[in-house]
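*Asks:*
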Amino acid sequence: MTKRALFLISDTGGGHRSASNAITAALDEIKEPFAFEHRIEDVAAHCSFPLTQLGLGYSMALRYAPPVYGALYYATNGRRRYRALVRFCEPLYRERLRDLFLSYKPDVIVSVHPLLNHAALRARADAGMEDIPIVTVITDLGKVHESWLMPDANAVVVPAREVYERALSRSVSPSRARLLGQPIHPKFDDVVGTKEELRNALGLPQDKLIVMLMAGGEGGGKLLPTTLALAKANLPIHLLVVCGRNEPLKQKLEEMEPSLPTPMTVLGFTNKIPEYFRAVDLLVTKAGPGSLAEANAAQLPVVVYDYVPGQERGNVDFVRNNGLGAIALHGAGQVVQAVRTLIRTPHRLEEIRRNQERVAPVRSSRRIAALIAQIANTGTIPAQDEATVRQVYAASTTARASA
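First residue of the sequence shown: 10, per this note's numbering; consecutive thereafter.
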């Protein structure tokens with residue numbers, strides 16, 4: 010016999026699908042007392058216009074008008090304002106989402122997108138499936154958007170202490186909130202080998218400090234000017250640039266590499282990020298929560314050079330407040346200075362690694378999958394781990410005292 014888990018996402022950026030893929034990979038490891046089958050649904054495919062264009066609109070807004078996107082984010086980030094947005098959107102999704110629930114007949118519904126939490130609750134009621142538990146998995150850090158915080162969910166999984174505290178302040182019961190970490194793929198826990206062995210396997214130099222650059226799966230934004238600035242800065246480093254699915258950028262950098270003073274390895278999309286993160290010394294990245302959590306798991310110090318307005322602002326604050334790296338948001342020159350400072354201060358890099366170890370999402374997806382499995386199997390959420398609660402509040406007190 011198998012249980013069914015339905016994951017609700019929207020392909021507005023890759024983070025929500027990546028988080029779902031991480032959790033489903035962990036669910037696949039569970040065989041007793043029941044195995045799981047699962048389905049990841051882009052809910053926009055089940056909505057009426059204009060929600061069907063949500064993914065395209067998100068991409069266009071970030072490419073051509075990021076401040077507009079940020080303004081919309083903040084305009085809807087309040088209890089009354091968000092309730093008004095829900096009332097407007099409800100007629101566009103309720104019927105089709107209800108039909109999805111009725112056709113798939115899940116044993117547990119997992120929302121991994123902020124705009125779908127309340128939608129799932131109402132569609133579940135429309136389908137007469139109130140006995141089917143809903144689990145919210147929050148994938149943003151810091152002061153998350155109001156839409157993430159749904160007290161009526163059977164369980165609310167949070168990635169960090171700051172989000173745990175915000176959830177409680179928004180009436181999420183401590184009996185339903187679980188601090189389990191940002192969901193990252195289980196393979197990040199399973200990397201083996203020393204840094205030297207990994208570099209040898211990946212074809213990376215052994216005698217250089219390696220700085221890795223990323224900008225998410227699409228490889229866009231400020232990746233090109235940031236790469237060129239570092240490549241021309243005459244730093245004693247080797248650059249590793251991950252272009253993701255941006256093939257034109259990959260080809261351009263490969264053509265330019267022989268004329269640049271800094272040696273460079275250019276990659277397209279790769280599924281070996283866990284190995285690369287353990288093999289390199291510093292990550293220059295935008296403030297995507299998945300990439301930051303993966304870097305923490307690998308104890309790889311970061312330089313954050315960009316973020317999505319509104320949505321990822323809390324992630325920047327999370328890095329700054331927890332001492333996980335450097336923030337360099339004001340151009341490529343500031344990125345170069347941040348990298349130069351860090352590589353000249355090994356003790357600072359070691360301090361960052363210690364801070365990352367403290368907040369690292371160890372076995373996060375496996376722990377989230379175990380929670381989902383227990384809820385699906387028994388219909389109840391396991392008792393809160395009191396040690397975790399004490400740890401959260403101890404960390405909160407320490408952070409405030411040192412601020």
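Cβ atoms here follow ideal geometry from the backbone N, Cα and C, with glycine treated the same way.
In this text the structure is predicted, and so the values were computed from the model without any measurement.
1) Just confirm the distance between the C-beta atoms of P246 and I352, as a whole number of angstroms; I'd bet it's less than 8 angstroms.
2) Out of curiosity, what's the CA-to-CA distance linking M265 and L249?
3) For V201, does the count of other Cβ atoms within 10 angstroms reach 16, so buried, or fall short, so exposed?
4) Should the segment 270-282 be regarded as contacting the segment 368-383, the criterion being three or more beta carbon pairs within less than 8 angstroms?
5) Could you say which of V293, R375, P355 and N305 lies nearest to L336 if we only look at CA atoms?
6) Runs of 4 residues minimum, wholly inside the segment 287-354: which ones carry the alpha helix (DSSP H) assignment?
7) Output the boundary residues of the alpha helix (DSSP H) element that contains E139.
8) If E50 sits next to R13, beta carbons under 8 angstroms apart, how far is it from one beta carbon to the other, in whole angstroms?
9) On the DSSP bridge assignment, give the partners of A44 in chain order.
10) Pairing CB atoms from the segment 175-188 with CB atoms from the segment 203-220, are three or more of them under 8 angstroms?
11) Within the same chain, show all residues whose beta-carbon is closer than 7 angstroms to that of S27, passing over the 5 residues directly before and after it, in chain order.
12) With a threshold of 7 angstroms on Cβ separation, who are the neighbours of R372 within its own chain once the five nearest residues in sequence on each side are excluded?
13) CA-CA distance, A169 and T148?
14) With respect to the alpha helix (DSSP H) encompassing I381, which residues constitute its N-terminal and C-terminal limits?
15) Since H25 is in the alpha helix (DSSP H), which residue starts that stretch and which ends it?
16) Do S374 and A31 count as a contact pair if the criterion is CB distance below 7 angstroms?
17) I need the straight-line Cα distance from V317 to A129, nearest angstrom please.
18) For A302, count neighbouring C-beta atoms within 10 Å of its own C-beta (all shown protein chains included) and say buried if the count is 16 or more, exposed if not.
19) Between the segment 319-332 and the segment 255-271, are three or more C-beta pairs nearer than 8 angstroms?
20) Buried or exposed for A410, going by 16 or more other Cβ atoms inside 10 Å?
*Replies:* A quick look at the data gives this:
1) Position 237 of the sequence shown holds residue 246. Position 343 of the sequence shown holds residue 352. Note that residue 246 is Ile in the sequence shown here, rather than Pro. At roughly 7 angstroms, the Cβ-Cβ gap stays under 8 angstroms, so I246 and I352 are in contact.
2) Taking the sequence shown and counting its residues from 1, one reaches residue 265 at position 256. Taking the sequence shown and counting its residues from 1, one reaches residue 249 at position 240. Their Cα atoms are separated by approximately 14 angstroms.
3) For this step, residue 201 is matched to residue 192 along the sequence shown. The residue is exposed, with fewer than 16 neighbouring Cβ atoms inside 10 Å.
4) no
5) On the sequence shown, position 327 is the one that residue 336 refers to. A small fix is needed here, since residue 336 is Ile in this sequence, not Leu. The residue with the shortest Cα to Cα distance from I336 is V293.
6) Here the runs fully enclosed are 298-306, 322-331 and 341-352.
7) Numbered from 1 along the sequence shown, position 130 holds the residue referred to as residue 139. Careful: E139 lies outside any alpha helix (DSSP H) and carries neither H nor E.
8) Start at 1 with the first residue of the sequence shown, and residue 50 comes out as number 41. Start at 1 with the first residue of the sequence shown, and residue 13 comes out as number 4. Rounded, the Cβ-Cβ distance is 12 angstroms, inconsistent with contact.
9) Sequence index remark: in the sequence shown, residue 44 carries index 35 (1-based). T11, per the DSSP bridge assignment.
10) Not touching, per the Cβ criterion.
11) Taking the sequence shown and counting its residues from 1, one reaches residue 27 at position 18. Taken in chain order, the residues that qualify are G299.
12) Stepping through the sequence shown from its first residue, residue 372 is reached at position 363. Excluding positions up to five away in sequence, the list reads D198.
13) Along the sequence shown, one-based indexing puts residue 169 at 160. Along the sequence shown, one-based indexing puts residue 148 at 139. Here the C-alpha atom of A169 lies approximately 10 angstroms from the C-alpha atom of T148.
14) Taking the first residue of the sequence shown as 1, we reach residue 381 at position 372. Its alpha helix (DSSP H) spans residues S373 to T387.
15) Counted from its first residue, the sequence shown places residue 25 at position 16. Unbroken alpha helix (DSSP H) run through H25: G24 to L36.
16) Counting from one through the sequence shown, the residue named residue 31 turns up at place 22. Counting from one through the sequence shown, the residue named residue 374 turns up at place 365. For A31 and S374, yes; Cβs fall inside 7 angstroms.
17) Here residue 317 refers to the residue found at position 308 of the sequence shown. Here residue 129 refers to the residue found at position 120 of the sequence shown. Approximately 26 angstroms between the Cα atoms of the pair.
18) Locating residue 302 in the sequence shown gives position 293, where the first residue counts as 1. A302 is buried by the Cβ-count criterion.
19) no
20) By one-based count along the sequence shown, residue 410 stands at place 401. Confidence is the limiting factor: at A410 the pLDDT is only 44, short of 50, which leaves the residue's position unreliable, though a coordinate-based value still follows. Exposed, by the Cβ-count rule.
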